[in-house]
Amino acid sequence: MTAREGTGSRVLRWLGRLVVGAVALVLFAYLAMGAWKSVQNSRDADAAREWVARMAEDPAAAVERRDAVRPGLGEPVASWTQVVCELTSQDAGWMVQNWVQRCETTAVDAYRAAPGLAERASATAERLDPTRESAVVLEVQECSGDACADLGPAPRTPSSRWAFGATASTEPRPAGAALPDGDLVVVTATADREVMPLGCHPWKPIFCDEPRDSPALP
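Okay, so the sequence shown: first residue is 1 according to the UniProt record's numbering, each after it adds one.
Below, the structure is given as structure tokens:
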């Protein structure tokens, strides 16, 4: 072997070591960052669960606005409160930057349909929130038969009704609440949404994939 060949071999060996070292360094950084992000995501999910639990325990704002519509409508045949959460992304242009959990508290009354009842409920809702820009939004809807199913308590089981993410809900309070059969007028008060950061998937950070399959619920 000539001196030139020996020098070339040494250079190649050093280059090989540098490449292996760089790959090892990148792999170590990926594993370390993924492990740290996994811990952070777990903490974010725990914080979101605690926040949702507090929302479920104290639905006062939605209940107060719902109850303000009750006078003159008679006794509701079903009533409940619930927290409904959606997993959604925060984007910058076409790029996802972060995933958050948006939750809202709902308080619902359902009445047997009667002449003029929906109109009275709507008039009260309009008087309470004429601009529909309040922190608690009121909605009055009439339904009959199968069409009432969508107005009942939201399912706890995650559903992917949206293009991205999923929705899920806490159990209604009182437990077992449901809409009865028949023609109904449903009054729903929805409190402002709370936003809880969840971050990106710890092992898929480049395109910021979803960190979880469904919202974090207690």
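Ideal placement from N, C-alpha and C gives every residue a C-beta, glycine not left out.
key: Range of the contiguous beta strand (DSSP E) that encloses S89   = One-based indexing of the sequence shown puts residue 89 at position 89. Run containing S89: 78-92, per the beta strand (DSSP E) assignment.
message = What would DSSP say about L133, mapped onto helix, strand or coil?
response = Along the sequence shown, read from residue 1 onward, the residue named residue 133 stands at position 133. Looking at the sequence provided, one finds Glu at residue 133 rather than Leu. Correct three-state label for E133: coil.
Span separating the alpha-carbon of residue 226 from that of W80 = Residue 226 lies beyond the range of the chain shown here (1 to 218); nothing can be said about it.
query = So, is S214 buried or exposed, given that buried needs 16 or more other C-beta atoms within 10 angstroms?
reply = Taking the first residue of the sequence shown as position 1, residue 214 is located at position 214. Burial call: buried.
Status (buried if at least 16 other CB within 10 Å, exposed otherwise) for E126 = The sequence position of residue 126 within the sequence shown is 126, counting from 1. With a 10 Å radius around the Cβ and a threshold of 16 neighbouring Cβ atoms, E126 comes out exposed.
message = Here's the rule I'm using: 16 or more other beta-carbon atoms within 10 Å means buried, otherwise exposed. How should Q97 be labelled?
response = Numbered from 1 along the sequence shown, position 97 holds the residue referred to as residue 97. Around the C-beta of Q97, fewer than 16 other C-beta atoms lie within 10 Å, and the residue is accordingly described as exposed.
key: DSSP-derived helix/strand/coil call for S38   = Along the sequence shown, one-based indexing puts residue 38 at 38. S38: helix per DSSP, three-state reduction.
inquiry  = Looking at the ligand SAH, does it come within less than 7 Å of E104, judged from the CB to the closest heavy atom?
reply    = In terms of ligand content, the structure shown is empty, and the ligand SAH therefore cannot be addressed.
task = Within its chain, find whatever has a CB closer than 7 Å to the CB of V77; leave out the 5 residues flanking it on each side and keep chain order.
result = Along the sequence shown, read from residue 1 onward, the residue named residue 77 stands at position 77. Within the same chain, and ignoring the five residues on either side of V77 in sequence, the residues whose Cβ sits closer than 7 Å to its Cβ are A110, Y111, R112, P180.
R54 classed as buried or exposed, judged by whether at least 16 other C-beta atoms fall within 10 angstroms = One-based indexing of the sequence shown puts residue 54 at position 54. Answer is exposed; the Cβ neighbour count stays below 16.
key: Coil, strand or helix - R120 by DSSP   = In the sequence shown, counting from the first residue as 1, residue 120 sits at position 120. Note: R120 maps to helix in three-state DSSP.
request  = Name, in chain order, the residues that DSSP records as bridge partners for W107.
outcome  = Working through the sequence shown from its first residue, we reach residue 107 at position 107. Note on identity: in this sequence residue 107 is Ala, with Trp being the wrong assignment. T81, A189.
inquiry  = On the CB-based measure, 16 or more other CB atoms within 10 Å of its CB, does A149 come out buried or exposed?
reply    = Here the question's residue 149 lines up with position 149 in the sequence shown. By the neighbour-count rule (16 or more Cβ atoms within 10 Å), A149 is not buried but exposed.
query = What number of angstroms, rounded off, separates the C-alpha of A123 from the C-alpha of L138?
reply = Position 123 of the sequence shown, counted from the start, is the residue given in the question as residue 123. Position 138 of the sequence shown, counted from the start, is the residue given in the question as residue 138. Rounded to whole angstroms, the gap between the alpha carbons of A123 and L138 is 11 Å.
message = Less than 6 Å between C-beta atoms, sequence neighbours within five positions excluded: which residues of the same chain meet that for A189?
response = In the sequence shown, counting from the first residue as 1, residue 189 sits at position 189. Take A189, set aside five residues on each side of it, and the residues of its chain with a beta-carbon closer than 6 Å to its own are A62, R65, R66, A107, V136, L138, in chain order.
request  = May I have the straight-line CA-CA distance separating R120 from P205, to the nearest angstrom?
outcome  = Your numbering for residue 120 matches position 120 in the sequence shown. Your numbering for residue 205 matches position 205 in the sequence shown. Whole-angstrom Cα-Cα distance: 52 Å.
ask   = When DSSP builds the beta bridges, which residues end up paired with A168?
value = Translated into positions along the sequence shown, residue 168 becomes position 168. Per DSSP, C85.
key: DSSP-derived helix/strand/coil call for R173   = Looking up residue 173 in the sequence shown gives position 173. The answer is strand: DSSP assigns R173 an E or B state.
ask   = To the nearest whole angstrom, what separates the beta carbons of V195 and V100, a pair I think is in contact under 8 Å?
value = By one-based count along the sequence shown, residue 195 stands at place 195. By one-based count along the sequence shown, residue 100 stands at place 100. That belief holds up - the Cβ atoms of V195 and V100 are roughly 5 Å apart, short of 8 Å.
key: Between the CA atoms of M95 and residue 219 - distance to the nearest angstrom   = There is simply no residue 219 to check, as the chain begins at 1 and stops at 218 in what is shown.
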